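Trainee:
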Amino acid sequence: MLVSLKWLREYVDIDVDAQTFGDKMTMTGTKTETVEYLGENISNVVVAKIVEIEKHPDADKLVVTQVDVGEKEPIQIVTGAKNIRVGDYIPLALDGAKLPGGVEIYNGVLRGIQSNGMMCSSKELGIDEKYIEEYKRDGIFILDMEENYTPGQDIREVLGLTDAIIDFELTSNRPDCRSIIGIAREAAVTLDKKIKYPEIEVKEESDAQNDVSVSIENPELCQRYIARRVTDVKIERSPYWMQRRLIESGVRPINNIVDITNYVMLEFGQPMHAFDMREIENNTIVVKNANDGDTFITLDEQERKLDSTMLMITNGEKNLSIAGIMGGEESGVKADTKEIMLESACFDRENIRRTSKSLGLRSESSSRFEKGIAISTAEVAMKRALQLIEVLGAGKVMKGEVDVNPVKQAEQTITISPKRINNRIGIDISMEKFCKILEDLEFKCNLISEDELVLGIPDFRLDIQQEADVFEEIARIYGFENIPSVQLQGNTTAGVKSDKQKYIDKVKETAISCGLYETLTYSFVSPKGLDKIRVPQESKLREVVKLINPLGEDTSIMRTTMIPNMLDVLYTNTSRKVEKVSIFECGHVFTPEDMAGVEETRICIGLCGDEADFFSLKGIVEKIFERTGLGEHEYISDSKNTSFHPGRCANIVSNGTHLATIGEIHPLVQENYGISKRIYIAEINLDEAYKISDPTIIFKPLPKYPSITRDIALLVEDDIEVAQIESVIKNNGQGLVEACELFDVYKGDQIEKGYKSIAYSIVYRSLEKTLTDSDISSVHENILKELEEKLDAKLREQ
Numbered sequence: 116m117l118v119s120l121k122w123l124r125e126y127v128d129i130d131v132d133a134q135t136f137g138d139k140m141t142m143t144g145t146k147t148e149t150v151e152y153l154g155e156n157i158s159n160v161v162v163a164k165i166v167e168i169e170k171h172p173d174a175d176k177l178v179v180t181q182v183d184v185g186e187k188e189p190i191q192i193v194t195g196a197k198n199i200r201v202g203d204y205i206p207l208a209l210d211g212a213k214l215p216g217g218v219e220i221y222n223g224v225l226r227g228i229q230s231n232g233m234m235c236s237s238k239e240l241g242i243d244e245k246y247i248e249e250y251k252r253d254g255i256f257i258l259d260m261e262e263n264y265t266p267g268q269d270i271r272e273v274l275g276l277t278d279a280i281i282d283f284e285l286t287s288n289r290p291d292c293r294s295i296i297g298i299a300r301e302a303a304v305t306l307d308k309k310i311k312y313p314e315i316e317v318k319e320e321s322d323a324q325n326d327v328s329v330s331i332e333n334p335e336l337c338q339r340y341i342a343r344r345v346t347d348v349k350i351e352r353s354p355y356w357m358q359r360r361l362i363e364s365g366v367r368p369i370n371n372i373v374d375i376t377n378y379v380m381l382e383f384g385q386p387m388h389a390f391d392m393r394e395i396e397n398n399t400i401v402v403k404n405a406n407d408g409d410t411f412i413t414l415d416e417q418e419r420k421l422d423s424t425m426l427m428i429t430n431g432e433k434n435l436s437i438a439g440i441m442g443g444e445e446s447g448v449k450a451d452t453k454e455i456m457l458e459s460a461c462f463d464r465e466n467i468r469r470t471s472k473s474l475g476l477r478s479e480s481s482s483r484f485e486k487g488i489a490i491s492t493a494e495v496a497m498k499r500a501l502q503l504i505e506v507l508g509a510g511k512v513m514k515g516e517v518d519v520n521p522v523k524q525a526e527q528t529i530t531i532s533p534k535r536i537n538n539r540i541g542i543d544i545s546m547e548k549f550c551k552i553l554e555d556l557e558f559k560c561n562l563i564s565e566d567e568l569v570l571g572i573p574d575f576r577l578d579i580q581q582e583a584d585v586f587e588e589i590a591r592i593y594g595f596e597n598i599p600s601v602q603l604q605g606n607t608t609a610g611v612k613s614d615k616q617k618y619i620d621k622v623k624e625t626a627i628s629c630g631l632y633e634t635l636t637y638s639f640v641s642p643k644g645l646d647k648i649r650v651p652q653e654s655k656l657r658e659v660v661k662l663i664n665p666l667g668e669d670t671s672i673m674r675t676t677m678i679p680n681m682l683d684v685l686y687t688n689t690s691r692k693v694e695k696v697s698i699f700e701c702g703h704v705f706t707p708e709d710m711a712g713v714e715e716t717r718i719c720i721g722l723c724g725d726e727a728d729f730f731s732l733k734g735i736v737e738k739i740f741e742r743t744g745l746g747e748h749e750y751i752s753d754s755k756n757t758s759f760h761p762g763r764c765a766n767i768v769s770n771g772t773h774l775a776t777i778g779e780i781h782p783l784v785q786e787n788y789g790i791s792k793r794i795y796i797a798e799i800n801l802d803e804a805y806k807i808s809d810p811t812i813i814f815k816p817l818p819k820y821p822s823i824t825r826d827i828a829l830l831v832e833d834d835i836e837v838a839q840i841e842s843v844i845k846n847n848g849q850g851l852v853e854a855c856e857l858f859d860v861y862k863g864d865q866i867e868k869g870y871k872s873i874a875y876s877i878v879y880r881s882l883e884k885t886l887t888d889s890d891i892s893s894v895h896e897n898i899l900k901e902l903e904e905k906l907d908a909k910l911r912e913q
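Take the sequence shown: its position 306, counted from the start at 1, is 421 in the numbering used here, and no numbers get skipped.
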């Protein structure tokens, strides 16, 4: 928040320089971002009055002027400005003057005529053009004729450029500081001074009676609404001192009425709005919710689409303003406005925030309402605005105030223990000092006992809710630099990783050792990702956790699978001509079971490139299982998974527990992501794998006896899986089958259609003796018999 030190000094006696003041405010919790000194780069620039203008004898675009700068004789200035007239007061840079940007001005000769200085524009004085009237933007900066100027005055004093502007960084829990008065309160307690609140008196000079009728249909969204009428309004420019304060606070001056409402908003933190009474028509104000589908054109000339959650200010028949955010295009103050109604209200912060976000419309008003404003502030702000209208002669205030206050703000109290607070801070503040700090912060102290203090909380301190909040107030005002530093006490323990964390580390290390690069993506994703990977509507993957306050549709749900994220990363790489991509991500997926949410740890592996295939991916998965001690598991074909290629997808299962899905991505899914190359993805549930993994390494002695190897070639139907054959071989080996390795799969002209040839190398070994052919013949024949009976597998003959 930008704060003028000159304005602030009207409420607090600040007897230190701006930088020192900013540092002190930082130490008490109101952080100072920057301190800017206005006019520090301007010197020898004065007010000048133009007394004569003549054409330049040798230049059509130049004029020769005589200007009064307070000396005996006028001085001569040659200029090309088109907007100056005799009698205008302008800023004049004299010989040796310095301007912002390091510019220096010296006397010179222009087309043979002596020029003893330079008339200045607003830009040359470092004044941003967006804060000044249009007629002052092109050409020389013309000073307002309403003010009394003395030729020769320092321009910095005339334009208020002797001030310092401090930019305070405010935390969201201190909405009371989003005003000059709020900063003044903090300044007073920081400097141990007393705050001087402005004396407010409204004379009500008009004889007419305020007969506006106000009703609130939804008291939960509007806690208070005050309406006052002003007649005989004269719309004109505000005095320069008010314009200057608005400019220094980052607000553009418009006209006297609008400037007064903005001035009060900056001073007290209460947004206000002025309605043209011609638009209200029936002297009736109804605060109610909009209808779904309504449209409304705001002051910025944008059409807004409304819904029934949005609170509106209406006359009962038509919308006049979006409550707490922005007025309507037609209802605002115009150049010919003669009578206005001022609004000062208190709206529900959550509703203002939702409405502002839904409309994509954020204003100075909404930014204050959505953080919270005390209900009592509406009344003092209204009186201050009416006082300024009378002081500036902008209109006459009608008698009578309409104040609809359906929600009364009761005084809040909290009971605290000063002894406990002292112990936690590590200091010993006397009760007298303790109460003084709180009373300086405008708390009311009621001492019940030696260690029980009941505090009356100021109505503007919406952030004080528990003793911990008071703890902070005492510490920051007492001074963090005054709190002694002590060594930490207590027992220390070494931080170690849990077994689960070590397991995940080993999974990652194995993946990296297999040549994969680790990636990291967001857990909140777009629901469109489930559509892109062709997840059926009835799938449990569509039972998602939805974010209440998402950044946008693309980050509106928590992911239930990591496959869309993996495909996004693969697309990003392949679209940038990366030929081979081997990556993995270890992260979490979320499901809303029992509304509490379930978080699962998974690893997703993705391969893409000419050398990538199903078996290279399977090898990586097997290596991870081997390194982490996963026991027996099997691959079960899955042709129903619509995200994967039919016939090239399998589920990995162990003792009935689903561990992973592995396969080639469906061509239609690839098309959805714009990827032309084949993609292979595996998604492993690490939580389930961890439960059944045994990292214990058992060492066995080297075998004493030799092995015997027998090769077999089987003729089986196409739908027989390799795992089925291996299961029969191992289950009927009578403990002698040490290994069973597939080394050939053949389909061709020599094989009957619908069949394939499967060739295995079976290794037999006994731990007790050297096997002979007769020892294994019966076992081998039994295996062949079982294969034929169970799988209709026949020994292939050459």
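C-beta atoms are modelled at their ideal positions from N, C-alpha and C, and glycine is treated no differently.
Here the structure is a predicted model, which is why all the values come from computation and not from measurement.
(1) Out of 619, 139, 116, which has the shortest C-alpha to C-alpha gap to residue 915?
(2) Just the C-alpha distance for residue 302 and residue 129, rounded to the nearest angstrom, thanks.
(3) Quick one: residues in its chain with C-beta nearer than 8 Å to the C-beta of residue 264, no 5 flanking neighbours on either side, listed in chain order?
(4) Helix, strand or coil: which one does DSSP assign to residue 813?
(5) Give every residue of the same chain whose Cβ lies closer than 6 Å to the Cβ of residue 117, excluding the five residues on either side of it in the sequence, and list them in chain order.
(6) Take residue 511 and list the residues in its own chain whose beta-carbon comes closer than 7 Å to its own, dropping the five residues that flank it on each side.
(7) Of all the options 150, 696, 266, 830, which has the alpha carbon lying nearest to the alpha carbon of residue 899?
(8) Quick one: which unbroken alpha helix (DSSP H) runs of 4-plus residues sit fully inside the segment 705-786? Chain order, please.
(9) Less than 8 Å between the CB atoms is what I'm expecting for residue 544 and residue 537, so what's the real figure, rounded?
(10) Quick check on this structure: which residue in 444, 404, 501 has the alpha carbon closest to the alpha carbon of residue 466?
(11) When the Cα atoms are used, what is the spatial distance from residue 293 to residue 285?
(12) Take residue 628 as the anchor and find which of 734, 383, 478, 433 has the nearest alpha-carbon.
(13) Give the straight-line distance between the Cα atoms of residue 237 and residue 439, rounded to the nearest whole angstrom.
(14) Where residue 428 and residue 435 are concerned, what is the direct C-alpha to C-alpha distance, given to the nearest angstrom?
(15) Indicate the three-state DSSP secondary structure (helix, strand or coil) for residue 576 in the structure shown.
(16) In whole angstroms, give me the CA-to-CA distance for residue 167 and residue 212.
(17) Exposed or buried, what is residue 640 when buried is set at 16 or more other beta-carbons lying within 10 Å of its beta-carbon?
(18) Looking at the unbroken beta strand (DSSP E) that takes in residue 427, where does it start and where does it end?
(19) Measure the C-alpha to C-alpha separation of residue 529 and residue 686 and round it to an integer number of angstroms.
(20) Kindly list the residues whose CB is nearer than 6 Å to the CB of residue 596, restricted to its own chain and excluding five residues on each side of it in sequence; keep chain order.
(21) With a threshold of 6 Å on Cβ separation, who are the neighbours of residue 152 within its own chain once the five nearest residues in sequence on each side are excluded?
(22) With H, G and I counted as helix, E and B as strand and the rest as coil, what does DSSP make of residue 833?
(23) Could you tell me if residue 290 is buried or exposed, where buried requires 16 or more neighbouring beta carbons within 10 angstroms of its beta carbon?
(24) Of the choices 750, 567, 718, 411, whose alpha-carbon is the least far from that of residue 626?
(25) Nearest CA to the CA of residue 750: which residue from 474, 736, 758?
(26) Return yes when the Cβ of residue 450 is within less than 8 Å of the Cβ of residue 339, no when it is not.
(27) By the three-class DSSP mapping on this structure, what secondary structure does residue 581 have?
(28) What first and last residue would you give for the alpha helix (DSSP H) that runs through residue 337?
(29) Using 10 angstroms around the beta-carbon of residue 472, count the other beta-carbons present and answer buried if the total reaches 16, otherwise exposed.
(30) With distances taken Cα to Cα, identify the nearest neighbour of residue 66 among 697, 763, 879, 761.
(31) Relative to the ligand GTP, is the shortest distance from any of its heavy atoms to the C-beta of residue 831 smaller than 7 Å?
(32) On a Cα-Cα basis, can you pick out the residue from 634, 756, 667, 669 that is closest to residue 653?
(33) Figure out for me which residue from 809, 767, 790 has the closest Cα to the Cα of residue 615.
(34) Assuming residue 540 contacts residue 592 (C-beta within less than 8 Å), just tell me the rounded distance between them.
(35) Since residue 206 sits in a beta bridge, which residues does DSSP pair it with?
(36) Touch check for the segment 793-802 and the segment 672-686: three-plus C-beta pairs under 8 Å?
Mentor: Short version:
(1) Nothing can be reported for residue 915, as the shown portion of the chain is limited to 116 through 913.
(2) Between residue 302 and residue 129, the alpha-carbon positions lie close to 8 Å from each other.
(3) 162, 164, 204, 258, 273
(4) coil
(5) 280, 282, 364, 365
(6) Counting only Cβ-Cβ distances below 7 Å, and skipping sequence neighbours, we find 320, 321, 345, 346, 347.
(7) Relative to residue 899, the option among 150, 696, 266, 830 whose CA is nearest is 830.
(8) 729-742
(9) 6 Å
(10) 404
(11) 8 Å
(12) If we check each option's Cα against that of residue 628, 734 comes out closest.
(13) 34 Å
(14) 6 Å
(15) coil
(16) 23 Å
(17) buried
(18) For residue 427, the enclosing beta strand (DSSP E) covers residues 426-429.
(19) 58 Å
(20) none
(21) 279
(22) coil
(23) buried
(24) 718
(25) 736
(26) no
(27) Note: residue 581 maps to coil in three-state DSSP.
(28) It is not in any alpha helix (DSSP H) - residue 337 instead sits in the beta strand (DSSP E) that spans 337-346.
(29) exposed
(30) Since the first residue of the chain shown is 116 and the last is 913, residue 66 is not available in this structure.
(31) Ligands are entirely absent from the displayed structure, and the ligand GTP is therefore not among its contents.
(32) 756
(33) 809
(34) Between residue 592 and residue 540 the Cβ distance is about 11 Å, and since that is not below 8 Å, they are no contact.
(35) 162
(36) yes
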